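Using this note's numbering, the first residue of the sequence shown is number 128, and each one after it goes up by one. Even glycine gets a Cβ: it sits at the ideal position worked out from N, Cα and C. Predicted model, so just to flag it, every value in this text is computed and none were measured. Structure record follows, encoded as structure tokens.
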Amino acid sequence: MVSTAKIISMFVPMVFSLVLFIGLILYFRKKTGIAVKPLIAGAIGFVVMTQVLEKALHLAVITAFPNYADHPWAFGLYGGLAAGLFEELGRFLLFTWLLKKFHDYKGGISFGIGWGGIEAVLLMLTMMVPNIMFAFMINAGTLEKTLAGQMPADQVAAIKDTVLNNGVSFYLLACVERFFAVFMQIAFSLWVLISVVKKKFVYVIYVILIHAAIDFPLVFVQTGHFTNLWVVELYIAIVGMISFWLIKKGRVLLP
Numbered sequence: 128m129v130s131t132a133k134i135i136s137m138f139v140p141m142v143f144s145l146v147l148f149i150g151l152i153l154y155f156r157k158k159t160g161i162a163v164k165p166l167i168a169g170a171i172g173f174v175v176m177t178q179v180l181e182k183a184l185h186l187a188v189i190t191a192f193p194n195y196a197d198h199p200w201a202f203g204l205y206g207g208l209a210a211g212l213f214e215e216l217g218r219f220l221l222f223t224w225l226l227k228k229f230h231d232y233k234g235g236i237s238f239g240i241g242w243g244g245i246e247a248v249l250l251m252l253t254m255m256v257p258n259i260m261f262a263f264m265i266n267a268g269t270l271e272k273t274l275a276g277q278m279p280a281d282q283v284a285a286i287k288d289t290v291l292n293n294g295v296s297f298y299l300l301a302c303v304e305r306f307f308a309v310f311m312q313i314a315f316s317l318w319v320l321i322s323v324v325k326k327k328f329v330y331v332i333y334v335i336l337i338h339a340a341i342d343f344p345l346v347f348v349q350t351g352h353f354t355n356l357w358v359v360e361l362y363i364a365i366v367g368m369i370s371f372w373l374i375k376k377g378r379v380l381l382p
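Written out as structure tokens, the structure is:
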């Protein structure tokens, strides 16, 4: 059985991500002001670049290389570079073509909140909703029967084992991860904007490489080669702290 406390903890990251998104909009509306067009462009840009285009590439690669999890170093390099290229080039194109009138700090912050905020909301929904559904099925004793015709028995068993064994802290730590990840996305957005304003495309290349380097070790977690979540969260927290510094530095370089 999946405890009530664990099921409640699955809802917490979804609520937190939405509150975080709205909270950032309200906070920066008071601090710097919020530009609506970059905010919306950032949210739509994330969906198009990562959930449509990047996922289409991942699907093709995974189909061609079904044993990708056995090669975490190669998959980490590919995954990190793919994320960096799609996201940072997406930001660059939007700032260059669509957001020419928003080349200031407020525009960059607004764009980053849109990008990182919608990422937090969508990722938490796509991660937690299936887990909640599986938890209710397990408690009702219908998991195997419901999923029997949709996936192999060993995969159903793996899902059941994961839902039963992941503790409350596993789900609550997702809130910490999303908090710092949003600020990373804001920092990346500002520095891509700085590259546009200063006409230095090399900054975009730097951001792509930094993004890839940050994502690279996380692939070892996704493929099951590293399982210590506390170390992962510490790593993400350090990245978040660096992001705070980059955001502050960006304030000096943008009008």
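Taking its Cβ as the centre, do 16 or more other Cβ atoms sit within 10 Å of ASP288, making it buried, or is it exposed? exposed
Since GLY234 contacts LEU320 with CB under 8 Å, what's their CB separation in whole angstroms? 7 Å
Measuring alpha carbon to alpha carbon, tell me which of ASN355, ASP342 and LEU380 ends up nearest ALA209. ASP342
Fully enclosed by the region 199 to 274, which beta strand (DSSP E) runs are 3 residues long or longer? none
Pick out whichever of ALA314, THR253, GLY351 and LEU291 has its Cα sitting closest to the Cα of LEU373. ALA314
VAL379 to TRP318, Cα distance in whole Å? 12 Å
Beta-carbon gap between LEU184 and PHE213 smaller than 9 Å: yes
Please state the DSSP three-state secondary structure of SER130. coil
Counting Cβ pairs closer than 8 Å, one from the region 290 to 303 and one from the region 345 to 361, do we hit at least three? yes
Look at ALA247 and ARG156 and say whether their C-beta atoms are less than 9 Å apart. no
Three-state secondary structure assigned by DSSP to PRO140: helix
Per the contact definition of three or more C-beta pairs closer than 8 Å, is the region 251 to 266 in contact with the region 162 to 175? no
Under three-state DSSP, which class holds THR159? coil
Spatial neighbours of ILE189 within its chain, please: CB distance less than 7 Å, with the 5 preceding and 5 following residues excluded, ordered by chain position. TYR195
Between the alpha carbons of ALA267 and PHE347, how many angstroms are there, rounded? 34 Å
Quick one: any contact between the region 154 to 170 and the region 226 to 243, if contact means 3 or more CB pairs under 8 Å? yes
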